[in-house]
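The structure appears below as structure tokens.
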Amino acid sequence: MSVVDHNAIDVRPRISEAEVGDYIALLKPRVMSLVIFTALVGFFIAPGHVHPIIAFTSILCIAVGGGASGALNMALEGDIDAKMSRTANRPIPRGRITAGEAMAFGLTLAFFSVMTLGVLVNWLAGALLAFTIFFYVVIYTMWLKRWTAQNIVIGGAAGALPPVVAWAAATGSLSMEPVLLFLITFFWTPPHFWALALFRSDDYARAGVPMLPVVAGPDATRLQILLYTVVLVATAFAPWPLGYFDAVYGVTSLVLGAGMMWLAIEVYRHREGKQAARATRRLFAFSILYLFALFATLLLEVVVRAVMPFFG
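In this text, residue positions in the sequence shown follow the working numbering: the first is 7, and each later residue adds one.
Encoded structure:
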């Protein structure tokens with residue numbers, strides 16, 4: 007007569023409950039859309055003519071590389087995501103996908119996006135994409151996010167690199183224009199994410215993530231938001247007087263910069279109650295519009311220059 011050991015571990019393979027939508031969620035589609043858009047701008051403001059297939063391949067590889075970074079980030083942050091209301095419904099905390107499955111998915115996408123970009127386009131772009139993924143996954147996710155309140159500041163470099171990768175894909179080299187796009191996105195990241203962190207500070211505290219409002223307090227965060235916004239507005243305006251971007255961009259930068267400064271001042275002024283919460287949410291929402299409109303203006307200038315000869 008056999009004896010059933012009820013304490014034995016079930017080693018039977020688990021049947022994955024994941025659906026296509028769960029794997030799409032791993033890619034962080036909203037973040038990926040920003041990666042695609044900024045990369046498009048970096049690609050199309052680059053000089054010269056690129057074959058449409060090369061252009062499509064480049065943008066697709068950058069997008070897939072961004073999605074790979076998101077999947078690897080989620081694979082490594084399942085414990086954090088489960089404790090935060092903003093992320094608790096992601097596939098890993100819900101048990102739809104295991105961390106191992108997400109890791110395998112992300113590594114596969116990362117490998118093929120980098121190799122495809124390197125082989126079919128050029129290896130400078132491939133190397134930059136590999137560095138972007140490495141920086142986001144290893145430097146930001148595994149180290150900075152869990153250990154320092156400057157996680158967003160330093161880690162923002164990964165999110166600022168897609169237009170640089172795209173420029174390299176289009177030209178096989180680097181120049182000042184993609185560096186300027188990098189700097190704009192880099193200095194945009196702290197006020198954008200710290201505004202989010204201000205009204206999500208309880209989430210970050212519960213998850214043990216040392217975001218600036220948790221470590222230094224909301225007032226210090228408001229001051230840092232204001233200071234970084236000043237640097238952002240100046241950096242975004244600089245390409246016009248330096249002669250890299252046209253007057254339409256310069257004027258747009260001034261108008262949008264005035265909006266960012268006003269909202270950052272409002273966040274600094276209002277410290278408590280509904281006014282404080284409203285100010286941080288408005289800055290967070292406007293910051294998305296700010297970056298989109300700046301980059302869209304550059305893209306529009308390219309389109310206008312392309313079609314003007316047909317009306318000349």
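We put the CB at the ideal spot given by N, CA and C, even for glycine.
Asked, Found
"For Q156, three-class secondary structure by DSSP", "coil"
"Cutoff 8 Å; reference I68; Cβ partners in own chain excluding five residues on either side", "V41, I42, A45, S119, L123, L135, P168, V171, A172 and A175"
"For G265, the nearest candidate out of Q281, L238, M80 and D87 (CA to CA)", "L238"
"Range covered by the alpha helix (DSSP H) that runs through N79", "P58 to L82"
"Residues near I60 by beta carbon distance below 7 Å, same chain, minus five either side", "V127"
"Nearest-angstrom Cα separation, counted from G54 out to I231", "38 Å"
"DSSP three-state assignment for V215, whether helix, strand or coil", "coil"
"Beta-carbon spacing of K34, R212 below 8 Å", "no"
"Best match in F137, G48, F243 and E278 for proximity to A163 [C-alpha to C-alpha]", "F137"
"Local Cβ density within 10 Å of S8, reported as buried at 16 or more and exposed below that", "Low confidence applies to S8: its pLDDT is 43, below 50, so where it sits in the model is not reliable enough to give any reading."
"Alpha carbon of L305 to alpha carbon of L233, nearest angstrom", "28 Å"
"Helix, strand or coil at H276 according to DSSP, with G and I counted as helix", "coil"
"Nearest-angstrom Cβ-Cβ length linking E307 and V254, presumed shorter than 8 Å", "6 Å"
"C-beta contact flag for G161 and L150 at 8 Å", "yes"
"For W200, the first and last residue of its enclosing alpha helix (DSSP H)", "M182 to F205"
"Sequence-distant residues of the same chain with beta carbon closer than 7 Å to V56, five excluded per side", "A176"
"Entirely enclosed alpha helix (DSSP H) segments - the region 232-311, minimum 4 residues", "253-275"
"Extent of the continuous alpha helix (DSSP H) to which F140 belongs", "W129 to F140"
"Endpoints, the alpha helix (DSSP H) within which T122 is located", "A105 to L126"
"Cα-Cα separation between F317 and R311, rounded to whole angstroms", "11 Å"
"Spatially closest choice to S179 from F290, T303, H198 and A131, by CA coordinates", "A131"
"Sub-8 Å separation of I190 and T241 beta-carbons", "yes"
"Through-space distance from F193 to F199, alpha-carbon basis", "11 Å"
"At least three beta-carbon pairs within less than 8 Å, the region 281-292 to the region 257-273", "yes"
"Burial state of R228, where buried means 16 or more other Cβ atoms lie within 10 Å", "buried"
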